[in-house]
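S.K.: Protein chains in written order, with the working numbering: chain A, 1 to 468; chain B, 1 to 106.
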């Protein structure tokens, strides 16, 4: 199956049509816009159908846990009357240990229904394990493609653990070196096998996550008689934000503020062989979070159903050291030893809870399992081996790829608000630039406004300034 | 004695793209090196030595060829060493909560 890069990439449309069962052309309006809601509803599953399908394999219906000790700790340093109540959705209780089971479950069900013999996913994270686990449950074969090693064959410990987990569930795992050619390999494997593409960005993936937002809204409603004031979501490719927010809306929790949280890795290049092992977090970081907001269709399918910008009210960054500190606090004060993904949004919650009144409710919407390779001790040992300086001190002095500064006190945990206006403008500019020599219609303008959660006036302003 | 015999669990190596076959716009450190891959499977040849071109059957029963890289590959990621920068975080937080409670009683 030797095939050149350009040859395989030129067959992209044809391979993906066969591998997803979705003709994306059907939903296109123009080079700019497409019918997002019709694409999302194209497989015709109601939220109740999805919940039922997830339960068949033991996915979902996880506990919502109030973190009373962490809330107390925040209140000990918050201004008088401040310190919102922090809750966490214990998604680590899903079969493969993360909310990604919700994301895989419906796609694998769909693959089985459509008659595919196996599934392929490109994921160095929990999603690969979720696909392998769901495939095992539904009697399908799975191939997981992972970016694991730098050119010295040094593997990021967290990803080595994901290789182990995928193989534990019976998957064939391709452990690859650093590079954006992961997509090229995926196309080659799809063409070779005729398997289903369990992309993170197909409608079924996002529909599965809707159950998470829906469940948590109803759990808070049942327990407290009202919806949560704020939900914090670890943000990378946008699926977690999109599905959770859509689920909240479907539950009627429309006024809940949706906050995306990423680990700040600005300055590290995600496709760089040199930078690859200079980071201690392999997902939920700004290296995915920012580009996926400003250009969501940079994915392995023609149109990405994970469109975070539509739903985010606020996007904040936390440092690596703050997440390690938070991981320790969750274990030592709440008796929950969990992995880095959920602890990223929890770090954000520890900072933001100080702004909220005592009777307000914040929900951190995921935890994930932890293991060798994923724990702070594994990652800090690895960081030091790769020349990263680790100290206690002011986390604002942290520099991605050079130093990790672990806070000395809870009041040093803070978030950096990313300028949402800038992201929205950048997305609109990128869309217009990608469709050069095309004149936008009213429909395109409305699409861009909706897709970026902007006003039509803001869209007009960008169009005008790009014409000059 | 050969390094591996039929049905042994082995790891094969494949060079997927040489540096000149990789796409444009890669950062220099990535563009300079080949795109490589390692896959595990059960050896299908009667016997083989490291560096031989072999065929394996993967965990899902697919047949793939590559260069024999390792026999009985193990998972060697671990819990790391004790890290003094995080060891006292829990104790400090408990102290802070206790101080707060004492403060409330005064």
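Every residue, glycine too, gets a C-beta built ideally from N, C-alpha and C.
Rounded to the nearest angstrom, what separates residue 72/B and residue 126/A at their Cα positions?
M.R.: Here residue 72/B refers to the residue found at position 72 when the second chain is read from its first residue. Here residue 126/A refers to the residue found at position 126 when the first chain is read from its first residue. One C-alpha to the other measures close to 25 Å.
S.K.: List, from N- to C-terminal side, the beta strand (DSSP E) runs of 3 residues or more that fit wholly inside the stretch 367-450 of chain A.
M.R.: The stretch 367-450 of chain A contains these whole beta strand (DSSP E) runs: 389-393, 403-407 and 416-418.
S.K.: Below 8 Å, how does it come out for the stretch 167-179 of chain A and the stretch 26-38 of chain B: are there three or more Cβ pairs, yes or no?
M.R.: Contact between the stretch 167-179 of chain A and the stretch 26-38 of chain B is present, because at least three Cβ pairs lie under 8 Å.
S.K.: Strictly below 9 Å CB to CB, what residues from chain A border residue 90/B?
M.R.: Here residue 90/B is taken as the residue at index 90 of the second chain, counted from 1. Here the neighbours are 328, 329, 331, 332 and 333.
S.K.: Looking at the strands, I want to know which residues DSSP matches up with residue 57/B.
M.R.: Residue 57/B sits at position 57 when you count from the first residue of the second chain. Answer is 42/B and 63/B.
S.K.: Given a threshold of 16 other Cβ atoms within 10 Å of its Cβ, counted over all protein chains shown, does residue 38/A qualify as buried or as exposed?
M.R.: Counting from 1 along the first chain, the entry for residue 38/A is found at position 38. It is exposed - the Cβ of residue 38/A has fewer than 16 other Cβ atoms within 10 Å.
S.K.: Beta-carbon within less than 6 Å of residue 348/A's beta-carbon, same chain only, minus the 5 sequence neighbours each way: which residues are those?
M.R.: To locate residue 348/A, count along the first chain from 1; it is residue 348. For residue 348/A, where only same-chain residues beyond five positions count, the Cβ hits under 6 Å are 232, 261, 316, 318 and 415.
S.K.: Keeping to the same chain, check which residues put their C-beta closer than 7 Å to that of residue 368/A; ignore five residues upstream and five downstream.
M.R.: In the first chain, counting from the first residue as 1, residue 368/A sits at position 368. Excluding sequence neighbours, residue 368/A sits near 91, 92, 97, 98, 126, 338, 339, 341 and 342.
S.K.: Report yes or no: is there a C-beta of chain A within less than 8 Å of the C-beta of residue 81/B?
M.R.: As a first step, residue 81/B is located in the second chain; it is residue number 81 there, counting from the start. At least one chain A Cβ lies under 8 Å of residue 81/B.
S.K.: Can you tell me the Cα-Cα spacing of residue 150/A and residue 25/B, whole angstroms?
M.R.: Position 150 of the first chain holds residue 150/A. Position 25 of the second chain holds residue 25/B. For residue 150/A and residue 25/B, the distance between alpha carbons rounds to 18 Å.
S.K.: Listing by chain order, which chain A residues have their CB less than 8 Å from the CB of residue 55/B?
M.R.: Taking the second chain and counting its residues from 1, the one referred to as residue 55/B is at position 55. Under the 8 Å cutoff, chain A gives no residues; its nearest Cβ is about 14 Å from residue 55/B.
S.K.: Give a yes or no on whether the minimum CB-CB distance between residue 48/B and chain A is below 8 Å.
M.R.: On the second chain, residue 48/B is found 48 positions in, with the first residue counted as 1. Cβ-Cβ to chain A under 8 Å: no for residue 48/B.
S.K.: Do you know offhand how far residue 384/A's Cα is from residue 83/B's?
M.R.: Residue numbering aside, residue 384/A sits at position 384 when the first chain is read from its first letter. Residue numbering aside, residue 83/B sits at position 83 when the second chain is read from its first letter. Residue 384/A and residue 83/B: Cα-Cα distance of roughly 10 Å.
S.K.: Ends of the beta strand (DSSP E) at residue 118/A?
M.R.: Position 118 of the first chain, counted from the first residue, corresponds to residue 118/A. Segment 118-122, the beta strand (DSSP E) holding residue 118/A.
S.K.: Taking only beta carbons into account, state which residues of the stretch 25-36 of chain B come closer than 7 Å to chain A, listed in chain order.
M.R.: If the cut-off is 7 Å between Cβ atoms, the stretch 25-36 of chain B has 26, 27, 29, 30, 33, 35 and 36 near chain A.
S.K.: Spell out whether any CB of chain B is found under 8 Å from the CB atom of residue 197/A.
M.R.: Here residue 197/A corresponds to residue number 197 of the first chain, with the count starting at 1. No, because no Cβ of chain B sits closer than 8 Å to the Cβ of residue 197/A.
S.K.: With distances taken from CA atoms, which of 98/B, 76/B and 67/B is nearest residue 378/A?
M.R.: In the first chain, residue 378/A corresponds to position 378, counting from 1. Nearest C-alpha to residue 378/A: 76/B.
S.K.: Mark residue 436/A as exposed unless 16 or more other C-beta atoms lie within 10 angstroms of its C-beta, in which case mark it buried.
M.R.: Taking the first residue of the first chain as position 1, residue 436/A is located at position 436. Residue 436/A comes out exposed.
S.K.: May I ask you to list, following chain order, the residues of the stretch 11-22 of chain B that have a beta carbon less than 8 Å from some beta carbon of chain A?
M.R.: Of all residues in the stretch 11-22 of chain B, 16, 17, 21 and 22 have a Cβ within less than 8 Å of some Cβ in chain A.
S.K.: Taking 8 Å as the threshold (beta carbon to beta carbon), is residue 160/A in contact with chain B?
M.R.: Taking the first chain and counting its residues from 1, one reaches residue 160/A at position 160. Yes, because at least one Cβ of chain B sits closer than 8 Å to the Cβ of residue 160/A.
S.K.: Any idea if residue 376/A is buried or exposed, counting beta-carbon neighbours within 10 angstroms, 16 or more meaning buried?
M.R.: One-based indexing of the first chain puts residue 376/A at position 376. Buried: at least 16 other Cβ atoms inside 10 Å.
S.K.: When Cβ atoms are compared, which residues of the stretch 270-285 of chain A fall closer than 7 Å to chain B?
M.R.: Listed by position along the chain: 271, 272, 273 and 274.
S.K.: Name the chain B residues whose beta carbon is nearer than 7 Å to that of residue 406/A?
M.R.: Within the first chain, the letter at position 406 stands for residue 406/A. Residues of chain B passing the Cβ test: 85 and 86.
S.K.: Could you give the first and the last residue of the continuous beta strand (DSSP E) run that contains residue 316/A?
M.R.: Your numbering for residue 316/A matches position 316 in the first chain. Counting along the chain, the beta strand (DSSP E) containing residue 316/A begins and ends at 314-318.
S.K.: Could you round the C-beta distance between residue 413/A and residue 351/A to whole angstroms and report it? I think they count as a contact, below 8 Å.
M.R.: Along the first chain, one-based indexing puts residue 413/A at 413. Along the first chain, one-based indexing puts residue 351/A at 351. The pair is a contact, with the Cβ atoms about 5 Å apart (cut-off 8 Å).
S.K.: Starting from residue 13/B and walking both ways along the beta strand (DSSP E), at which residues does that stretch end?
M.R.: As a first step, residue 13/B is located in the second chain; it is residue number 13 there, counting from the start. Start and end: 9-17.
S.K.: So what's residue 82/B in DSSP terms, helix, strand or just coil?
M.R.: Within the second chain, residue 82/B is the residue found at index 82, counting from 1. Residue 82/B: coil per DSSP, three-state reduction.
S.K.: Take residue 411/A and list the residues in its own chain whose beta-carbon comes closer than 7 Å to its own, dropping the five residues that flank it on each side.
M.R.: On the first chain, residue 411/A is found 411 positions in, with the first residue counted as 1. Counting only Cβ-Cβ distances below 7 Å, and skipping sequence neighbours, we find 77.
S.K.: To the nearest angstrom, report how far apart residue 460/A and residue 453/A are at their CA atoms.
M.R.: Taking the first chain and counting its residues from 1, one reaches residue 460/A at position 460. Taking the first chain and counting its residues from 1, one reaches residue 453/A at position 453. In a straight line, the C-alpha of residue 460/A is about 14 Å away from that of residue 453/A.
S.K.: In or out: residue 272/A buried (at least 16 other Cβ within 10 Å) or exposed?
M.R.: The residue given as residue 272/A occupies position 272 in the first chain. Per the 10 Å Cβ criterion, buried.
S.K.: So within the stretch 124-192 of chain A, which uninterrupted beta strand (DSSP E) runs reach at least 3 residues, ignoring any that extend past its ends?
M.R.: Those beta strand (DSSP E) runs which fall completely within the stretch 124-192 of chain A and span 3+ residues are 141-149 and 172-177.
S.K.: Just curious, the alpha helix (DSSP H) that residue 66/A is in, first and last residue?
M.R.: The sequence position of residue 66/A within the first chain is 66, counting from 1. Where residue 66/A is concerned, there is no enclosing alpha helix (DSSP H), although the beta strand (DSSP E) it sits in stretches over 64-66.
S.K.: Note down, in chain order, all residues in the stretch 375-401 of chain A with a beta-carbon under 8 Å from any beta-carbon belonging to chain B.
M.R.: For the stretch 375-401 of chain A, which is checked against every Cβ of chain B, the residues closer than 8 Å are 375, 376, 377, 378, 379, 380, 381, 382, 390, 391 and 392.
S.K.: Do residue 16/B and residue 325/A have their beta-carbon atoms positioned less than 8 Å apart in this structure?
M.R.: Numbered from 1 along the first chain, position 325 holds the residue referred to as residue 325/A. Numbered from 1 along the second chain, position 16 holds the residue referred to as residue 16/B. For residue 325/A and residue 16/B, no; Cβs fall outside 8 Å.
S.K.: Buried or exposed for residue 60/A, going by 16 or more other Cβ atoms inside 10 Å?
M.R.: Here the question's residue 60/A lines up with position 60 in the first chain. With 16 or more Cβ atoms within 10 Å of its Cβ, residue 60/A is classed as buried.
S.K.: Under 8 Å between the Cβ atoms of residue 205/A and residue 278/A?
M.R.: What you label residue 205/A is simply residue 205 of the first chain in a count that begins at 1. What you label residue 278/A is simply residue 278 of the first chain in a count that begins at 1. The answer is no: Cβ separation not under 8 Å.
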